[in-house]
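Reading through the structure tokens given below for one structure.
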Amino acid sequence: MTITPLKFLAGYSLVLQEQVHVLINQGRLGEYLSSRYPITEHSVQTDKLLYQYVTTIKQEYLKNAPVIDKVSYDSKLDVVHHALGLHTAVSRVQGQKLKAKKEIRIASLFKQVPPEFLKMIVVHELAHLREQQHNKAFYQLCQHMEPNYHQLEFDLRLLLTHQDLMQPKTI
1 MTITPLKFLA GYSLVLQEQV HVLINQGRLG EYLSSRYPIT EHSVQTDKLL YQYVTTIKQE
61 YLKNAPVIDK VSYDSKLDVV HHALGLHTAV SRVQGQKLKA KKEIRIASLF KQVPPEFLKM
121 IVVHELAHLR EQQHNKAFYQ LCQHMEPNYH QLEFDLRLLL THQDLMQPKT I
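Going letter by letter, the sequence shown gives residues 1 to 171 in the UniProt record's numbering.
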């Protein structure tokens with residue numbers, strides 16, 4: 001039996017994708033997610049609160065990492081562009097000096113997700129302060145900050161799949 005690939009789960013095994021297809025075909029994917037994540041929203045709704053949230057996690061796990069100058073929700077980031085969060089170093093000339101400012105932008109969709117998913121994306125972006133590439137050290141750092149990181153990343157992909165299936169299709 002061939003199954004239709006799921007765009008948010010393309011990197012996972014076909015066996016796992018088949019299990020997700022079973023949940024979808026039975027109409028139980030949403031039920032599965034709500035049983036795992038009963039709280040669907042969190043209180044971090046403004047850029048100011050997001051900055052405080054990110055810096056608190058950074059202080060706990062990455063005290064010696066560079067200072068983060070700006071953290072914000074970004075409505076232009078979305079899954080269509082394959083970016084749920086961005087970390088950037090913006091260089092600006094100030095007089096005779098070149099100043100690099102570290103910024104983190106989180107997709108606005110994270111305002112309406114369970115708090116575990118917000119923490120997962122924040123941890124992901126903070127890990128980029130130390131590791132630029134998605135390598136073994138990067139994922140070890142993510143797991144250090146959030147021991148359930150891999151499960152949360154997978155479940156976020158399930159949530160994105162569910163949301164994608166619930167959107168009306170245009171012709």
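By construction, the Cβ of each residue, glycine as well, lies at the ideal position given by its N, Cα and C atoms.
Rounded to the nearest angstrom, the Cβ distance from L118 to H42 is 6 Å, consistent with a contact under 8 Å. Straight through space, the alpha carbons of Q96 and V113 are spaced by roughly 44 Å. By the neighbour-count criterion, in which a residue is buried when 16 or more other Cβ atoms sit within 10 angstroms of its Cβ, I39 is exposed.
Counting along the chain, Y73 sits inside the beta strand (DSSP E) bounded by residues 70 to 74.
The way I'd put it, the segment 99 to 107 doesn't touch the segment 18 to 34; fewer than three beta-carbon pairs between them come closer than 8 Å. The beta carbon of Y32 lies closer than 8 Å to those of L23, L158 in the same chain, with the five residues before and after it left out. For L98 and L141, the gap between their C-alpha atoms comes out near 29 Å. At a Cβ-Cβ threshold of 8 Å, I57 and V122 count as neighbours. According to DSSP, residue pairing for A107 in a beta bridge involves D74. In this structure, the CA atom of S13 is about 27 Å from the CA atom of P115. Comparing C-alpha distances from E146 to each of L77, Q52, Q167, L62 shows the shortest one belongs to L62.
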